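When we follow our numbering, the leftmost residue of the first sequence carries the number 243, and every step to the right adds one.
For reference, the structure is listed below as structure tokens.
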Amino acid sequence: MKAQSANTTTPSDESSLQNNFIRQIIAEDVKTNKHGGKVVTRFPPEPNGYLHIGHAKSICLNFGIAAEQAGRQCYLRFDDTNPSKEDLEYVESIKTDVHWLGYDWGERLRHSSDYFEQLHEYAIALIKMGKAYVCSLTPEQIKEYRGTLREPGKNSPDRERSVAENLDLFERMKAGEFAEGTYVLRAKIDMASPNLNMRDPAIYRIKHLPHQMTGDKWCIYPMYDFTHCLSDAIEGISHSLCTLEFEDHRPLYDWVLDTLNTPCHPQQIEFARLSLNYTVMSKRKLQELVENQHVSGWDDPRMPTLSGIRRRGYTPEAIREFCDRIGITRKNTQIEMGVLENCIRTDLEAKTTRVMAVLKPLRVVIENYPADQVEQLDAPYHPTDASMGSRQIPFSRVLYIEQDDFRETPPKKFFRLAPGREVRLRYGYFITCQAVIKDENGEIVELRCSYDPETRGGSTPPDGRKVKGTLHWVSAPHTITAEVRLYDRLFNQADPGADGTDFKAALNPNSMEVLTYCQLEPSLANAQAGERYQFERLGYFCVDNVVSKEGALVFNRIVTLRDSWAKIEKAKG
RNA sequence: UGGGGUAUAGCCAAGUGGUAAGGCAGCGGGUUUUGGUCUCGCCAUCCCAGGUUCGAAUCCUGGUACCCCAGCCA
């Protein structure tokens with residue numbers, strides 16, 4: 243019996259319940275035949291880092307909307323216009339992550355760099371129209387000339403350069419005659435615009451750097467604002483969905499497309515990026531965590547990166563469901579972790595097999611059970627889904643139970659084992675605690691118990707007596723020893739660093755607890771990397787896909803089960 | 001009186017002049033061989049103040065709070 247780890251649904255099987263403002267706009271546009279009735283979207287990551295769950299929101303939106311249309315057209319476009327920041331390494335990880343989420347771009351894989359030739363021609367067209375000029379101001383001067391939020395900028399002395407001279411200079415920029423920073427091509431718009439993006443923005447800069455895709459072919463590279471809108475137009479994108487901070491860029495996006503003769507004029511629509519509490523989402527901060535070794539890498543199971551979340555054991559279905567639940571708006575919000583956790587619990591509840599594992603073992607000897615006897619007890623893999631089958635679990639005189647399931651002096655409402663108290667061992671027998679054995683330090687090392695043979699399989703005995711607690715357990719001579727890693731939130735503050743301190747000061751020192759002597763039932767012997775299980779009464783766990791080996795299994799805790807006892811205890815303090 | 005945005009429950013989010021969906025969290029009940037699951041119930045008059053209207057979360061006026069913008073980054 244294998245735990246289910248494959249994707250069982252694909253996004254096309256689901257229809258999003260979301261009726262967000264973007265879908266409404268698109269539905270209306272389709273009705274009025276606005277972009278020729280076509281809907282074409284794109285997901286345009288810059289290959290300069292790993293994707294995180296915030297990107298998943300955008301991926302699900304763009305690919306999700308496309309999937310709802312007959313054409314199903316969504317491009318995966320690497321926005322690679324800055325060779326000093328980007329790397330091929332990231333391209334592969336991004337493709338892996340998008341695929342893992344369940345989306346397929348088919349033939350529509352592109353790079354902005356695919357368009358460098360066309361972009362260059364558009365730039366020349368702009369120059370010829372007198373709408374762009376080569377500026378020789380230094381970066382510092384450009385900044386001075388730009389003005390401030392309240393004061394208008396002033397024109398560059400090069401603003402009225404002749405078309406012929408601009409053409410010549412631009413050609414020589416391209417030919418590599420000039421050093422970086424000496425010249426820049428600027429759009430000629432309005433230095434007095436209240437929108438700083440319109441104050442003659444740079445559209446081409448010199449970078450004597452090879453590009454990961456085009457090699458040494460270019461030493462001038464187009465800027466985002468020039469590249470993005472034209473790339474959208476070249477691909478025939480109908481709706482260009484981006485995050486809120488690009489709102490101020492929309493007038494420039496439209497200016498470029500209105501000024502130049504392009505195949506079409508895509509519509510930019512902005513939505514709020516995702517923010518999750520108790521974590522950070524910016525590439526810079528995530529990178530800092532990796533570089534300073536606060537985590538083991540980009541795929542550390544505590545990271546909000548898609549590779550980390552995947553390694554942790556989250557399913558793509560749960561992530562898609564999460565993206566559906568949080569909605570799409572223009573409001574800056576912070577989503578509670580609990581929403582994500584509920585999504586994965588709901589998904590895993592239905593599809594994981596149940597097994598028993600004791601994380602912090604406490605030895606139990608059943609004194610009235612024959613020393614040489616071993617029984618095989620039948621235990622279903624799922625409480626309500628019989629199709630998952632069952633397995634045999636051994637029962638013997640010496641067992642392990644969870645340390646937390648025994649209290650020498652039980653508090654009120656504690657339904658588990660205590661001296662003189664009887665509990666059920668799940669699918670096993672009722673046992674009663676007869677004695678507590680301690681070591682020289684007073685630590686409890688063993689429990690002496692008796693069992694009731696009439697309760698085999700955990701069933702209620704003929705006299706009908708009830709017990710309040712059911713414990714999970716394993717037979718000591720038959721266990722597999724494994725390592726289990728328990729994760730908690732990465733940060734202690736809901737919004738790390740929001741109080742003005744370094745976000746790293748909010749790091750949770752207890753975000754990972756490694757348990758190396760966990761005792762698992764023998765059916766887990768052949769557990770494979772990536773497989774997910776519910777350890778009964780504890781949570782959902784996934785065999786780690788990096789460090790786990792046959793004979794030396796390592797499990798990651800994906801998420802705990804809801805725990806109303808923990809809630810009661812916490813409430814009492 | 002620089003420009004651009006956003007305000008509906010603890011957290012998200014529908015609502016588009018006709019009397020506040022849904023989810024998460026929380027609280028209470030039932031079922032239960034996981035203190036799990038499942039199930040039933042409870043939980044808001046919409047940032048503030050005026051106005052228009054038979055009727056306003058939706059329209060108007062005036063405020064307030066918060067977010068984004070001065071890279072040759074994306």
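All C-beta atoms, glycine included, are put in the ideal place defined by N, C-alpha and C.
Every value quoted in this text rests on a predicted model; they were computed, and no experiment measured them.
Next on the checklist: In whole angstroms, give me the CA-to-CA distance for Ala245 and Gln770.
Outcome noted: Because Ala245 sits at a pLDDT of 40, beneath the cut-off of 50, its placement in the model cannot be relied upon, and the following sentence gives the value as read from the coordinates. One C-alpha to the other measures close to 9 Å.
Item to check | C-alpha distance - Phe657 paired with Val756, whole-angstrom precision | outcome: C-alpha separation (whole angstroms): 27 Å.
Item to check | Residue closest to Val788, alpha-carbon to alpha-carbon, out of Asp542, Glu682, Glu696 | outcome: Nearest in C-alpha terms to Val788, of all of Asp542, Glu682, Glu696, is Asp542.
Checklist entry - What residue range is occupied by the uninterrupted alpha helix (DSSP H) comprising Phe733? => result Careful: Phe733 lies outside any alpha helix (DSSP H) and carries neither H nor E.
Next on the checklist: By the DSSP assignment, the alpha helix (DSSP H) with Val340 in it spans what residues?
Outcome noted: 330-343 is the extent of the alpha helix (DSSP H) around Val340.
Checklist entry - Any idea which residues DSSP pairs Ala444 with across the strands? => result Per DSSP, Arg428.
Item to check | Distance between Asp400 and Leu361 (C-alpha atoms, nearest Å) | outcome: Rounded to whole angstroms, Leu361 to Asp400 spans 23 Å at the Cα level.
Checklist entry - Can you list the beta strand (DSSP E) stretches of 3 or more residues lying completely in the segment 507-574, in chain order? => result Counting only runs of 3 or more, we get 509-513.
Next on the checklist: So, for Leu803: in the same chain, excluding its five sequence neighbours on each side, which residues have a beta-carbon less than 8 Å away from its beta-carbon?
Outcome noted: Correct list, in chain order: Arg587, Gln776, Arg779, Leu780, Gly781, Tyr782.
Checklist entry - Can you name the start and end residues of the beta strand (DSSP E) that Arg799 belongs to? => result 796-802 is the span of the beta strand (DSSP E), which, as asked, contains Arg799.
Item to check | Through-space distance from Ala514 to Arg284, alpha-carbon basis | outcome: Roughly 17 Å separates the two Cα atoms.
Next on the checklist: So the candidates are Gln761, Asn683, Lys655; which of them puts its Cα closest to the Cα of Ala808?
Outcome noted: When each option's Cα is compared against that of Ala808, the closest is Lys655.
Next on the checklist: Quick check on the DSSP output: the beta strand (DSSP E) that includes Val678 runs from which residue to which?
Outcome noted: Counting along the chain, the beta strand (DSSP E) containing Val678 begins and ends at 672-680.
Next on the checklist: Beta-carbon within less than 7 Å of Pro844's beta-carbon, same chain only, minus the 5 sequence neighbours each way: which residues are those?
Outcome noted: Within the shown structure, residues of the chain are numbered from 243 to 815, placing residue 844 beyond reach of any answer.
Item to check | Contained beta strand (DSSP E) runs [length at least 3] in the segment 357-391, N- to C-terminal order | outcome: Counting only runs of 3 or more, we get 374-377.
Checklist entry - How about Ile511 and His481: do their beta carbons lie closer than 8 Å? => result Result yes, Cβ atoms of Ile511 and His481 sit closer than 8 Å.
Checklist entry - Tell me which same chain residues have a C-beta within less than 7 Å of the C-beta of Val405, skipping the five on either side of it? => result Residues Ile369, Lys370, Gly372 of the same chain have their beta carbon placed closer than 7 Å to that of Val405, with the five preceding and five following residues left out of the count.
Checklist entry - Per DSSP, what kind of secondary structure is Gln315 in: helix, strand or coil? => result Assigned with DSSP and collapsed to three states, Gln315 falls in strand.
Next on the checklist: What does the Cβ neighbour count give for Leu303, buried or exposed, with the cut at 16 atoms within 10 Å?
Outcome noted: With 16 or more Cβ atoms within 10 Å of its Cβ, Leu303 is classed as buried.
Next on the checklist: I need the straight-line Cα distance from Leu486 to His353, nearest angstrom please.
Outcome noted: Looking at the backbone, the Cα of Leu486 and that of His353 are separated by about 23 Å.
Item to check | Beta-carbon contacts of Met465 that lie in its chain and below 6 Å, excluding the five residues immediately before and after | outcome: Here the set comprises Ala444, Ile445.
Checklist entry - So is Asp255 buried or exposed if we call it buried at 16+ other beta carbons inside 10 Å? => result Unreliable placement is indicated for Asp255, whose pLDDT of 47 sits below 50; no coordinate value is reported for it.
Checklist entry - Would DSSP call Glu664 helix, strand or coil? => result Reduced to three states, the DSSP call for Glu664 is strand.
Checklist entry - Ile686 lies in the beta strand (DSSP E); which residues open and close that run? => result Here the beta strand (DSSP E) through Ile686 covers 686-694.
Checklist entry - Are the beta-carbon atoms of Trp715 and Gly670 separated by less than 8 Å? => result A contact, by the Cβ cut-off of 8 Å.
Checklist entry - Cα separation between Ile448 and Trp497? => result Distance between the alpha carbons of Ile448 and Trp497: 23 Å.
Checklist entry - When you compare only the Cα positions, how much space is there between Pro703 and Phe672? => result Taking the straight line joining both Cα atoms gives about 9 Å.
Checklist entry - Got a sec? Which residues, its chain only, sit under 6 Å from Glu583 by beta carbon, not counting five neighbours each side? => result Apart from sequence neighbours up to five positions away, the residues of its chain that approach Glu583 with a beta-carbon distance below 6 Å are Val801, ordered along the chain.
Checklist entry - Name the DSSP bridge partner or partners of His481? => result Gln509.
Next on the checklist: To the nearest angstrom, how far is the alpha carbon of Lys280 from that of Thr575?
Outcome noted: One Cα belongs to Lys280, the other to Thr575, and the distance between them is close to 31 Å.
Checklist entry - Beta-carbon separation of Leu318 and Trp342 under 8 Å? => result Contact flag unset, no.
Checklist entry - Is the segment 671-689 close to the segment 560-575, with three or more CB pairs under 8 Å? => result Result no; under three Cβ-Cβ pairs closer than 8 Å.
Item to check | His450 classed as buried or exposed, judged by whether at least 16 other C-beta atoms fall within 10 angstroms | outcome: Counting Cβ neighbours within 10 Å, His450 comes out exposed, since fewer than 16 surround it.
Checklist entry - Under the DSSP definition of a beta bridge, which residues are partnered with Cys760? => result When beta bridges are read from the DSSP output, Cys760 appears opposite Ala724.
Item to check | Under 8 Å between C-beta atoms of Thr504 and Leu472 | outcome: Yes, Cβ-Cβ distance for Thr504 and Leu472 is below 8 Å.
Next on the checklist: Less than 8 Å between the C-beta atoms of Glu328 and Gln454, yes or no?
Outcome noted: Remark: C-beta atoms of Glu328 and Gln454 approach each other more closely than 8 Å.
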